[in-house]
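Chains as they are written, first to last, in our numbering: chain A, 44 to 444; chain B, 509 to 880. Backbone N, C-alpha and C fix where the C-beta goes; we use that ideal spot for every residue, glycine too. Model, not experiment: these values are computed from the prediction. What follows is a set of notes on a single structure, which appears directly below.
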Amino acid sequence: MKDRLFTMAALVLAGLLIHGVAAAGAKPRARDLGVPFDGTPGALNAITDVPGVAVGFTTLIQGEPPLEEGVGPIRTGVTAILPRGKSSYADPVFAGWFRMNGNGEMTGTTWLEEGGLMSGPVMITNTHSVGVVRDAVIGWLRDRDLLKGGNYPWALPVVAETWDGALNDLNGFHVKPEHVYAALDAAKSGPVQEGSVGGGTGMVCYQFKGGTGTSSRVLEAKFGGYTVGVMVQCNCGGYDELRVAGVPVGPNIKRINLWSNLQSPTREAAMGSIIIVVATNAPLLPTQLNRMARRAAIGLARTGTTVSDGDGDIFVAFSTANAGVAKDAGYDAPFKVRHAEMVPNDYVDPLFAATVQATEEAIINAMVAAEDMKTLDGRTLIALPHDQLRALLKKYGRLQQ
Amino acid sequence: MSSVKPRARELGLGLLGEAGPHNAITDVPGVLVGFKTLTQFAKAAGDTQICTGVTAILPRGHDPEPHAVWAGQFDLNGNGEMTGTHWIRDAGYFLGPICLTNTHSVGAVHQGAVRFMIETHANYFRKYHAWAMPVVAETYDGLVNDICGLHVTEQHALEALRGATGGPVAEGNVGGGAGMATYEFKGGTGTSSRRIAINGCSYTVGVLVQSNFGKRREFSVLGVPVGQHITENALLSARGIPEQGSIVVIIGTDVPLTSLQLQRLAKRGALGIGRTGTSGGHYSGDLMLAFSVANPVDVPMIGDPQPPTYRGEWLNDAHLDAVYGSTVEAIEEAILNALLAAESVPTIKPPGEILRAIDHAALAAVMRRYGR
């Protein structure tokens with residue numbers, strides 16, 4: 044019976060995953076629609092352009108409104124980003140982080156700040172599933188025999204969240220440990236799905252359907268030729284705030300206002316959050332990565348938000364360079380100094396610019412890839428309409444032909 | 509599970525300050541504490557040993573109205589986890605319980621705490637656009653507990669939370685403190701409180717620690733270098749293993765303090781643990797949280813009209829030192845209480861040893877030698 048249940052769970056899971064893959068297809072991305080962006084993207088224009096970075100999703104979409112707590116509808120999931128693939132735990136990366144507005148959760152930042160490094164994956168899910176995802180990461184590392192060689196006999200996983208309670212039965216706790224395992228097992232390099240996938244499944248961005256988005260930049264050879272990749276789970280922004288390439292798109296596309304029935308000040312503002320993950324293969328030290336994480340806020344600002352009181356806008360940046368440098372030395376091993384590489388501060392500006400540009404594009408990519416979804420109260424939350432976006436870009440002289 | 513051993517005050521160690529009626533964090537009005545302790549000792553080599561649990565602290569008891577508490581947070585050394593701190597640092601308050609558990613069960617307990625918040629504040633979570641960000645902190649109990657077995661469940665957290673009460677608080681091997689080690693003695697949960705008189709007004713500060721830190725050689729009690737005299741059974745030092753512990757210090761008070769003042773109070777947590785001798789090891793997650801039950805914070809009922817401003821009262825900084833001094837004393841005493849209440853347990857890492865509780869008579873003998 045137990046086996047049969049497991050098989051059934053696996054089949055359900057597989058079905059949901061296939062749904063995600065099928066949804067990816069050959070959808071146009073923001074630059075395919077003629078949105079002008081600064082800088083040069085990498086081959087995939089994704090966080091996976093940073094060598095070694097692997098991404099996996101579990102997407103849970105099941106049922107239709109109205110809300111029945113504990114039943115559905117379910118529109119949520121798990122996103123896994125592994126800085127060094129399966130070696131992410133045994134070989135920590137240097138990392139930094141920044142909290143733009145702290146009405147949210149990202150576990151693991153206490154140690155990230157203290158140690159300047161991160162062991163294991165970065166996970167993103169919904170607000171009330173942080174707990175299950177966090178412990179399941181430890182279970183996965185244990186079961187896949189990946190805890191060995193870590194720096195400590197304990198793990199402090201990084202798990203972040205945004206709120207999907209407008210579209211998902213959030214208090215039904217539908218994310219289970221096996222969904223976390225599936226996202227981690229599925230993590231790979233190569234093209235990355237966008238829109239309503241993984242943790243981004245039930246997101247709302249500038250009162251359009253939001254979700255998961257990614258982008259990358261490659262630096263000129265004279266600045267080291269490094270790659271910067273960004274991944275966002277975008278759930279933020281006010282109704283009128285959205286700017287695409289500087290064009291005021293938000294006020295000019297008619298759609299529902301999710302919070303129009305509210306009398307509080309939040310009616311005019313935004314509620315939501317954004318998690319931004321910045322990856323690079325440039326050899327940066329933790330202090331430099333803290334600075335890079337702050338630049339994600341600048342990229343976010345380009346899309347128009349002024350960041351509301353209700354936002355949990357928390358960003359993490361890591362560098363895949365300096366492999367082995369932060370590995371466990373062993374307190375019982377003979378003392379030996381280690382040498383780390385760093386980009387001189389005189390050359391960090393191109394990396395900062397790349398972060399800003401890729402963050403902006405990742406957010407617009409998330410919105411462009413998303414598809415309409417019914418809210419829990421039965422209204423239709425539209426995705427950013429491609430034709431109207433193009434028309435507005437054209438009107439304001441910003442359409443890239 | 510409550511301890512029958514004498515507490516630090518009953519041993520006549522010469523502790524300063526006036527404690528509240530229970531000498532516990534529950535002396536702070538409205539603060540409740542609950543535990544769920546899980547123990548299953550290995551009978552033979554290779555058996556799974558479970559020695560862990562959950563501690564729940566409810567700053568506002570089981571009140572169905574969602575009123576947050578003002579708070580401040582500080583990390584002496586950040587090799588640890590405390591969830592909910594992003595909002596505490598930005599907004600200066602938090603809603604919901606504080607839970608303490610082992611390092612690998614933060615997630616299970618987090619989910620239990622979210623569920624508890626939804627059931628306690630049912631109206632708030634159903635009617636309003638609400639999200640839960642509970643405070644869950646941890647220390648590592650892998651010396652005596654199969655920590656990678658992930659034995660703590662959401663249900664265990666709910667039991668600790670639902671069962672939280674006022675009055676005397678169990679100490680030693682209880683709740684999240686079940687499997688802890690302190691200065692290489694058996695450690696655990698400890699608590700203490702102080703009454704504070706400010707211009708004729710009476711206030712309380714209460715402290716609860718989950719104590720799991722320290723190298724034996726550094727152990728000091730009220731200035732007496734106890735760790736240099738009681739050197740037996742120091743399991744890690746004897747093997748050249750560095751300190752692997754942590755301590756979580758929770759400070760509650762009814763003194764009306766702002767979040768900035770509470771942040772400053774949380775820093776005094778480091779002074780309290782410093783008095784017991786530690787130098788704050790690299791492997792340690794020494795995390796402090798201070799909250800005040802004064803000035804209940806209205807959480808936004810999103811959708812309802814919002815008042816334009818709030819009014820509150822807060823302590824004149826000139827009186828802060830009285831709060832600081834009492835807090836440092838209470839933390840020192842809470843750590844001693846955790847040590848004195850703890851019971852020896854067999855270890856699994858290193859295997860087959862005993863993590864021994866401190867011997868009260870031996871401690872008293874050393875203290876006597878130094879005129880205490």
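Classify residue i as helix, strand or coil using the three-state DSSP reduction.
i	result
residue 544 of chain B	strand
residue 553 of chain B	coil
residue 535 of chain B	helix
residue 601 of chain B	strand
residue 276 of chain A	strand
residue 154 of chain A	helix
residue 123 of chain A	strand
residue 445 of chain A	Outside the displayed span of chain A (44 to 444) sits residue 445 of chain A, for which this structure offers no information.
residue 230 of chain A	coil
residue 298 of chain A	coil
residue 324 of chain A	coil
residue 558 of chain B	strand
residue 809 of chain B	coil
residue 834 of chain B	helix
residue 427 of chain A	coil
residue 422 of chain A	coil
residue 345 of chain A	coil
Below 8 Å between beta carbons: does that hold for residue i and residue j?
i	j	result
residue 443 of chain A	residue 77 of chain A	yes
residue 279 of chain A	residue 354 of chain A	yes
residue 410 of chain A	residue 248 of chain A	yes
residue 606 of chain B	residue 781 of chain B	no
residue 776 of chain B	residue 690 of chain B	no
residue 100 of chain A	residue 236 of chain A	yes
residue 167 of chain A	residue 122 of chain A	yes
residue 540 of chain B	residue 672 of chain B	yes
Report the rounded CA-to-CA distance for residue i versus residue j, giving the unit in angstroms.
i	j	result
residue 393 of chain A	residue 743 of chain B	52 Å
residue 202 of chain A	residue 706 of chain B	43 Å
residue 192 of chain A	residue 703 of chain B	49 Å
residue 96 of chain A	residue 549 of chain B	42 Å
residue 407 of chain A	residue 346 of chain A	8 Å
residue 572 of chain B	residue 175 of chain A	25 Å
residue 512 of chain B	residue 849 of chain B	8 Å
residue 622 of chain B	residue 740 of chain B	43 Å
residue 818 of chain B	residue 802 of chain B	14 Å
residue 878 of chain B	residue 732 of chain B	7 Å
residue 844 of chain B	residue 516 of chain B	6 Å
residue 808 of chain B	residue 438 of chain A	40 Å
residue 683 of chain B	residue 329 of chain A	36 Å
residue 719 of chain B	residue 162 of chain A	25 Å
residue 348 of chain A	residue 578 of chain B	28 Å
residue 527 of chain B	residue 710 of chain B	12 Å
residue 315 of chain A	residue 282 of chain A	12 Å
residue 389 of chain A	residue 395 of chain A	12 Å
residue 334 of chain A	residue 165 of chain A	19 Å
residue 693 of chain B	residue 847 of chain B	7 Å
residue 432 of chain A	residue 357 of chain A	28 Å
Starting from the C-beta of residue i, find all residues in its chain whose C-beta is less than 6 Å away, skip the five residues before and the five after it, and write them out in chain order.
i	result
residue 243 of chain A	254, 255, 276
residue 64 of chain A	Interpretation of residue 64 of chain A is limited by its pLDDT of 40, a score under 50 that renders its predicted location unreliable; the figure taken from the coordinates is listed afterwards. Answer for residue 64 of chain A: no residue qualifies.
residue 699 of chain B	532, 533, 677, 716, 842
residue 734 of chain B	727, 874
residue 299 of chain A	422
residue 70 of chain A	412
residue 416 of chain A	210, 252, 424
residue 771 of chain B	580
residue 272 of chain A	90, 92, 93, 259, 322
residue 538 of chain B	568, 569, 801
Less than 7 Å between C-beta atoms, sequence neighbours within five positions excluded: which residues of the same chain meet that for residue i?
i	result
residue 365 of chain A	137, 326, 383, 384
residue 618 of chain B	591, 642, 644
residue 371 of chain A	192, 193, 194
residue 659 of chain B	546, 558, 560
residue 3 of chain A	Because chain A is modelled from 44 through 444, residue 3 of chain A falls outside the range shown and cannot be assessed.
For residue i, which residues in the same chain have their Cβ closer than 8 Å to its Cβ, ignoring the five residues on either side in sequence?
i	result
residue 854 of chain B	549, 550, 557, 652, 860, 861, 862, 863
residue 614 of chain B	589, 591, 644, 645, 646
Quiz item: Contact between the region 796-805 of chain B and the region 663-678 of chain B: three or more CB pairs below 8 Å?
Solution: When C-beta atoms of the region 796-805 of chain B are compared with those of the region 663-678 of chain B, fewer than three pairs fall below 8 Å, so the two segments do not count as touching.
Exercise. Inspect the CB distances between the region 744-755 of chain B and the region 710-729 of chain B and report whether three or more fall short of 8 Å.
Key: With a cut-off of 8 Å, the region 710-729 of chain B and the region 744-755 of chain B count as touching, because enough Cβ pairs lie within range.
Quiz item: Does the region 288-296 of chain A come within contact of the region 328-342 of chain A, defined as at least 3 CB pairs closer than 8 Å?
Solution: The region 288-296 of chain A, when compared against the region 328-342 of chain A, does not touch it at the 8 Å Cβ threshold.
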